[in-house]
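Counted the way the UniProt record's numbering counts, the sequence shown spans residues 1 to 536.
Written below as structure tokens is the structure these notes are about.
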Amino acid sequence: MVTRREFLELLGISTAYLLIHPYVAFAGEDDIFPSGVASADPTNDSIILWTRINPEVHKRLNKNLKVYIIDDIQKNPDKVLKEKAIKEFEIPANKITDIGDYTIKFKVSGLKPGKTYFYIFEYDNSKKIGRFKTLPTEVDKYQFIFVTCQNYEDGYYPAFKYISEEDEAGFVLHLGDAIYERVYGAKVSGRNINLPSGSKFAISLEDYRYLYKKYLSDENYQLARAMQTFIYIWDDHEFANDYYYNYGKDYWYSPSLPKELNEDRYKSLLLRKYAVKAWYEYIPADVSLDFKGHPLEWIKIYRDFKIGNLANLICLDERSYRESQCPKRYQSVGCYTQSQHTMLGLEQKRWFFDKVINNKNKFGWNIVANEVQFVSGKIDGFYGSTDAWDGYIGEREEILDILTKNDINNIVMLTGDRHAFLAADIPNSFKENYDKVLGAEFMTGAISSINASEAGWWKKDLSKYNNVDEISQAEISQNPWTKFLNQKTWGYSVLEIDKEKVSSTFYSVNKYEKNPPKEILAKFTYKRGESIKREI
Numbered sequence: 001m002v003t004r005r006e007f008l009e010l011l012g013i014s015t016a017y018l019l020i021h022p023y024v025a026f027a028g029e030d031d032i033f034p035s036g037v038a039s040a041d042p043t044n045d046s047i048i049l050w051t052r053i054n055p056e057v058h059k060r061l062n063k064n065l066k067v068y069i070i071d072d073i074q075k076n077p078d079k080v081l082k083e084k085a086i087k088e089f090e091i092p093a094n095k096i097t098d099i100g101d102y103t104i105k106f107k108v109s110g111l112k113p114g115k116t117y118f119y120i121f122e123y124d125n126s127k128k129i130g131r132f133k134t135l136p137t138e139v140d141k142y143q144f145i146f147v148t149c150q151n152y153e154d155g156y157y158p159a160f161k162y163i164s165e166e167d168e169a170g171f172v173l174h175l176g177d178a179i180y181e182r183v184y185g186a187k188v189s190g191r192n193i194n195l196p197s198g199s200k201f202a203i204s205l206e207d208y209r210y211l212y213k214k215y216l217s218d219e220n221y222q223l224a225r226a227m228q229t230f231i232y233i234w235d236d237h238e239f240a241n242d243y244y245y246n247y248g249k250d251y252w253y254s255p256s257l258p259k260e261l262n263e264d265r266y267k268s269l270l271l272r273k274y275a276v277k278a279w280y281e282y283i284p285a286d287v288s289l290d291f292k293g294h295p296l297e298w299i300k301i302y303r304d305f306k307i308g309n310l311a312n313l314i315c316l317d318e319r320s321y322r323e324s325q326c327p328k329r330y331q332s333v334g335c336y337t338q339s340q341h342t343m344l345g346l347e348q349k350r351w352f353f354d355k356v357i358n359n360k361n362k363f364g365w366n367i368v369a370n371e372v373q374f375v376s377g378k379i380d381g382f383y384g385s386t387d388a389w390d391g392y393i394g395e396r397e398e399i400l401d402i403l404t405k406n407d408i409n410n411i412v413m414l415t416g417d418r419h420a421f422l423a424a425d426i427p428n429s430f431k432e433n434y435d436k437v438l439g440a441e442f443m444t445g446a447i448s449s450i451n452a453s454e455a456g457w458w459k460k461d462l463s464k465y466n467n468v469d470e471i472s473q474a475e476i477s478q479n480p481w482t483k484f485l486n487q488k489t490w491g492y493s494v495l496e497i498d499k500e501k502v503s504s505t506f507y508s509v510n511k512y513e514k515n516p517p518k519e520i521l522a523k524f525t526y527k528r529g530e531s532i533k534r535e536i
């Protein structure tokens with residue numbers, strides 16, 4: 001397999017140059033492809049490819065876009081194009097328009113399983129190259145990366161540089177918050193956000209589009225998207241903080257949005273359209289978008305991916321269909337709706353239960369892309385967040401009951417949202433003396449978003465504790481299923497799967513430095529029905 005360094009050397013770029021300009025480059029490509037290239041949603045025979053053409057260039061040149069798929073790359077890129085392309089495509093110039101903000105996304109089928117391919121976008125003799133991997137049909141072991149929460153203002157993206165170098169990874173699972181809809185203020189130099197509307201939060205389609213373009217201006221993020229295949233779900237900030245669906249009024253509501261938006265169905269749905277359209281344009285997911293039907297039917301992002309017969313990755317949407325959280329979302333005593341409200345919605349919940357039950361004998365593991373913390377996290381009698389599954393305990397009990405009644409213990413939940421690293425058992429009951437382990441939860445820290453050590457919210461709500469370490473230790477000691485919690489750093493995680501076990505390695509990467517070292521925080525392993533074990 002061609003490594004990252006060999007891949008970059010194909011472009012004739014020296015090692016010294018790469019140290020200064022660590023991104024995939026062909027002459028002239030920055031002017032043509034300002035947001036880079038990407039691949040996503042792999043199957044065993046297909047892939048989604050994506051790029052965006054500079055609108056000013058396209059208006060001037062009005063050229064077709066050519067795409068080449070290569071399975072045997074050589075040292076001469078021009079020779080590759082002429083002799084080694086196994087598939088060629090041409091996107092007509094009239095398909096590259098402002099309707100999609102000059103983004104291009106399409107599906108390539110007829111590929112071979114478990115294989116590394118390269119692709120080249122060519123426009124007016126400028127080229128941009130990327131790499132992707134199809135999913136295997138038969139495999140004994142597999143690994144992939146999972147990431148979350150990358151507020152552009154909060155820090156740099158050195159984690160993405162290291163992610164681009166993970167040559168053994170099959171793909172990158174992004175658990176959401178790929179953008180932040182609100183302007184908080186830059187925490188590091190050169191990371192300012194200035195929305196076209198002049199507002200402090202996204203209120204127009206151009207605002208949301210601007211955010212994706214701004215985030216994709218980061219060289220490390222572009223490099224990771226070129227070198228790795230991505231699978232995306234969203235969390236809340238792709239639209240609005242902590243939003244939920246108000247089924248009574250039939251539109252979405254966010255406690256962070258201005259009153260005039262939350263009290264006007266038309267304005268709320270229009271804002272949702274803007275957010276979803278921009279996500280659809282800039283995130284290369286194999287989903288469809290249609291605004292003609294009911295708002296809850298505009299787009300469906302929950303889907304699954306089969307990794308041979310080793311594992312099935314079940315990607316959930318835990319935002320679009322949820323009912324409201326408790327009125328007090330953080331450090332809450334709880335409320336009566338915890339046992340009544342849904343997070344998944346009826347249709348998605350049925351789909352999820354069907355996948356979990358039917359996959360029991362089809363796959364070794366059910367891996368769940370789970371946006372918010374699943375295990376309970378009470379401290380001193382208060383729920384840390386009722387925006388997470390602690391706010392939907394009735395539905396969580398349904399899940400535990402389904403697993404218990406069907407004797408399922410192959411569940412591994414991968415979680416983002418909290419900006420912390422966490423490892424926990426998934427018990428059959430969230431009582432102190434649980435007697436059965438049904439699975440494991442591994443939570444990855446943020447790429448860059450602020451964590452508890454920076455935010456300081458605990459100084460008010462948990463003032464009896466002196467620092468975040470004490471809070472983390474209190475959560476571990478009062479919630480015996482939780483074995484590890486780090487709320488002080490950032491980075492990414494790697495999941496390794498084989499027939500007997502699933503392991504997660506947590507990597508810390510300092511967002512305040514552009515070229516920091518990466519460090520291993522911990523590694524935990526889960527074997528079916530057993531409490532997780534720390535390896536590192």
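Glycine residues also receive a C-beta, built at the ideal position from the N, C-alpha and C atoms.
Beta-carbon spacing of residue i, residue j below 8 Å
| i | j | result |
| --- | --- | --- |
| residue 427 | residue 437 | yes |
| residue 134 | residue 284 | no |
| residue 460 | residue 501 | no |
| residue 33 | residue 161 | no |
| residue 222 | residue 449 | no |
| residue 338 | residue 392 | yes |
| residue 193 | residue 492 | no |
| residue 414 | residue 442 | yes |
| residue 554 | residue 534 | Outside the shown range of the chain (1 to 536) lies residue 554, about which nothing can therefore be said. |
| residue 141 | residue 367 | no |
| residue 278 | residue 321 | no |
| residue 398 | residue 318 | no |
| residue 403 | residue 369 | no |
| residue 93 | residue 66 | no |
| residue 296 | residue 352 | no |
| residue 146 | residue 505 | no |
Per-residue burial, residue i [other beta carbons within 10 Å of its own, 16 or more giving buried]
| i | result |
| --- | --- |
| residue 259 | exposed |
| residue 486 | buried |
| residue 457 | exposed |
| residue 523 | buried |
| residue 197 | exposed |
| residue 31 | exposed |
| residue 333 | exposed |
| residue 264 | exposed |
| residue 346 | exposed |
| residue 517 | exposed |
| residue 409 | buried |
| residue 539 | Past the edges of the chain, shown from 1 to 536, lies residue 539, and the structure says nothing about it. |
| residue 511 | buried |
| residue 530 | exposed |
| residue 118 | buried |
Continuous alpha helix (DSSP H) stretch holding residue i: start and end
| i | result |
| --- | --- |
| residue 404 | 393-405 |
| residue 59 | 55-61 |
| residue 265 | 265-282 |
| residue 352 | 346-358 |
CA nearest to the CA of residue i, picked from the options
| i | options | result |
| --- | --- | --- |
| residue 454 | 154, 59, 118, 130 | 154 |
| residue 55 | 168, 213, 45 | 213 |
| residue 203 | 267, 252, 345, 442 | 267 |
| residue 59 | 243, 98, 207 | 98 |
| residue 143 | 318, 308, 85, 370 | 308 |
| residue 294 | 189, 440, 272, 130 | 272 |
| residue 525 | 423, 469, 373 | 423 |
| residue 331 | 119, 378, 352 | 378 |
| residue 341 | 225, 536, 389, 494 | 389 |
| residue 182 | 211, 247, 385 | 211 |
| residue 499 | 419, 364, 432, 315 | 364 |
| residue 136 | 166, 219, 45, 478 | 45 |
Segment limits, beta strand (DSSP E) that includes residue i
| i | result |
| --- | --- |
| residue 519 | 518-527 |
| residue 390 | Premise fails: residue 390 is in no beta strand (DSSP E) and is neither H nor E. |
| residue 235 | Premise fails: residue 235 is in no beta strand (DSSP E) and is neither H nor E. |
| residue 304 | 303-307 |
| residue 413 | 411-415 |
| residue 331 | 330-332 |
| residue 34 | Counting along the chain, residue 34 falls outside any beta strand (DSSP E), and DSSP gives it neither H nor E. |
| residue 48 | 47-52 |
> On the three-pair Cβ rule with 8 Å, is the stretch 30-40 touching the stretch 49-59?
Replying inline: A contact exists between the stretch 30-40 and the stretch 49-59.
>> Counting beta carbon pairs with one atom in the stretch 167-180 and one in the stretch 218-236, are three or more of them shorter than 8 Å?
In response: Yes, since at least three Cβ pairs between the stretch 218-236 and the stretch 167-180 fall closer than 8 Å, the two stretches touch.
> Is the stretch 276-293 touching the stretch 85-103 in the sense that three or more CB pairs, one from each, lie closer than 8 Å?
Replying inline: yes
>> Below 8 Å, how does it come out for the stretch 294-303 and the stretch 323-337: are there three or more Cβ pairs, yes or no?
In response: no
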